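Quick note, in numbering that gives the first Met the number 0, the sequence shown goes up one by one and the last residue is 408.
Beta carbons: idealized from backbone N, C-alpha and C, even for Gly.
These numbers come from a predicted model, not from an experiment.
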Amino acid sequence: MSADIQRLNPRLASAQPSATYRIMDRVAERRAQGAQVISLCAGEPDFDTPVHIREAAIQAIETGHTRYTQVAGARALREAVAAKFRRENGLDVSWQDTLVCNGGKQVIYNALAATLNEGDEVIVPAPYWVSYPEMVQLCGGEARIVTCDADSGFKLTPEALAAAITPQTRWLILNSPSNPTGAVYSEGELRALAEVLLAHPQVLILADDIYEHLIFDGQVFHTLAQVEPRLAPRTLTMNGVSKAYAMTGWRIGFATGPRWLLEAMEKLQGQQTSGACSVSQQAALAALEGPKDFIRNSRVVFQTRRDLMVKLLNDTPGLTCISPAGAFYAFASCAALIGRTSAGGRVLHSDEDVALALLDEANVAVVHGSAFGLGPYIRIAYALDDASLRQACEAIRGFCSRLLAEEKK
0 MSADIQRLNP RLASAQPSAT YRIMDRVAER RAQGAQVISL CAGEPDFDTP
50 VHIREAAIQA IETGHTRYTQ VAGARALREA VAAKFRRENG LDVSWQDTLV
100 CNGGKQVIYN ALAATLNEGD EVIVPAPYWV SYPEMVQLCG GEARIVTCDA
150 DSGFKLTPEA LAAAITPQTR WLILNSPSNP TGAVYSEGEL RALAEVLLAH
200 PQVLILADDI YEHLIFDGQV FHTLAQVEPR LAPRTLTMNG VSKAYAMTGW
250 RIGFATGPRW LLEAMEKLQG QQTSGACSVS QQAALAALEG PKDFIRNSRV
300 VFQTRRDLMV KLLNDTPGLT CISPAGAFYA FASCAALIGR TSAGGRVLHS
350 DEDVALALLD EANVAVVHGS AFGLGPYIRI AYALDDASLR QACEAIRGFC
400 SRLLAEEKK
């Protein structure tokens with residue numbers, strides 16, 4: 000086996016598989032054994048794709064929209080993407096300033112692959128989406144992790160950003176609303192970060208806005224290139240239809256940014272996958288040009304679930320949870336559980352042990368916070384109906400109550 004591993008590119012050999020998918024694989028195993036597991040680990044809405052979008056895909060198939068498109072995406076979709084960025088984000092872009100990819104993940108990977116050289120650094124605020132550091136490493140760069148704890152609202156401060164920038168810094172990745180914390184950067188917070196970035200012209204910025212429409216409590220979403228137009232020539236603004244329109248499986252992401260970068264990413268994509276699925280592109284076009292009531296309604300549903308989840312978690316002994324401002328994740332501290340022994344005999348040395356014990360003993364799947372760069376926490380996706388969320392939280396509460404009761408004996 001070791002000889003076979005040596006055949007691999009060293010970057011791939013040292014890369015870690017997604018912790019989220021590892022947990023999901025364990026969930027599948029448990030369910031195959033007959034366990035009734037409630038999964039709170041998947042990062043996707045539980046709603047069906049809206050009917051008018053599905054109908055557009057069916058019509059695309061029936062009318063022959065099943066051939067290759069341009070690598071950068073069909074012209075009609077790129078025009079709709081540009082219109083979205085102008086309408087919703089105040090970015091003055093044309094269709095030629097856009098790129099359509101096979102999901103938002105390909106946008107990010109291609110941007111890094113097109114620009115990183117050995118020794119280049121990418122600033123990644125933690126907690127982070129699990130794929131950021133791995134993609135940086137796979138592209139030959141080094142992830143410079145900047146811890147952003149609960150005291151900062153899990154957000155990068157100007158002081159921390161300034162301290163992290165070196166002559167080797169190539170990118171800053173900024174995700175708002177955040178996976179896994181739900182943190183949202185205000186206009187003022189983005190402006191303060193922009194002031195730091197203006198002093199470092201070598202730093203490119205990747206704004207991952209995929210959860211843009213899932214923002215609560217009447218807040219207004221802002222993106223960096225909108226707040227500080229002087230940064231637009233070196234900012235890649237990424238978005239997609241996956242979260243806003245419940246289209247995770249359709250695999251359409253898109254971006255706008257400087258043309259030199261988009262052209263390099265297009266060249267790379269042309270040697271990878273070529274254009275995104277033509278049928279999915281037609282569906283995405285219907286999403287962007289169609290009614291927006293689905294977005295408004297899902298935001299209301301997720302805010303209601305957020306309120307329920309935060310209350311239930313904070314009522315659970317041993318857990319504390321800051322109310323997230325967006326996305327559909329709760330990031331709960333489980334520090335009070337570390338060092339204890341579960342009823343099943345598992346010593347909880349880490350938040351990963353907590354997550355595994357919850358799965359094995361309470362039949363609830365969550366993802367450990369250390370997978371996102373900050374422990375001891377657990378990430379809980381509240382993309383399920385209220386009854387399932389209540390059932391899951393009751394199981395978590397029972398697990399924690401038994402754990403703390405055993406300690407008192």
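Following the DSSP letters along the chain, one finds asparagine 238 inside the beta strand (DSSP E) bounded by residues 234-239. Cβ-Cβ separation between cysteine 147 and alanine 159: approximately 7 Å, consistent with a contact (criterion under 8 Å). Restricted to the region 314-373, the alpha helix (DSSP H) segments that are unbroken, complete and at least 4 residues in length are 350-361, listed in chain order. Listed in chain order, the non-local C-beta contacts of serine 322 below 6 Å within the same chain comprise Val309, local neighbours out to five positions each way being set aside. Between the region 346-362 and the region 288-303, the count of C-beta pairs closer than 8 Å stays below three; the two stretches do not touch.
Here the alpha carbon of alanine 380 sits roughly 22 Å from the alpha carbon of glutamine 15. The shortest C-alpha to C-alpha distance from alanine 55 to any of Leu284, Asn116, Ala73 and Arg86 is the one to Leu284. A straight line joining the alpha-carbon of isoleucine 60 with that of threonine 68 spans about 14 Å. Nearest C-alpha to tyrosine 108 among Thr97, Ser130 and Asp91: Ser130. Cβ neighbours of alanine 326 within its own chain (closer than 7 Å, five residues either side excluded): Pro176, Ser177, Asn178, Gly181, Tyr210 and Leu213. DSSP lists Ala206 as the beta-bridge partner residues of leucine 173. Cβ contact annotation for asparagine 101 (same chain, cutoff 7 Å, sequence separation greater than five): Arg250, Thr272 and Ala275, in chain order. Each of Thr165, Ala161, Ala370 and Asn88 was checked against the Cα of arginine 21, and the nearest Cα belongs to Ala370. In this structure, the CA atom of leucine 260 is about 7 Å from the CA atom of alanine 110.
Within 10 angstroms of the beta-carbon of valine 219 lie fewer than 16 other beta-carbons, which makes it exposed. With a 10 Å radius around the Cβ and a threshold of 16 neighbouring Cβ atoms, histidine 221 comes out buried. In the DSSP assignment, glutamate 141 forms a beta bridge with Glu120. Under the DSSP definition of a beta bridge, serine 38 partners with Ala364.
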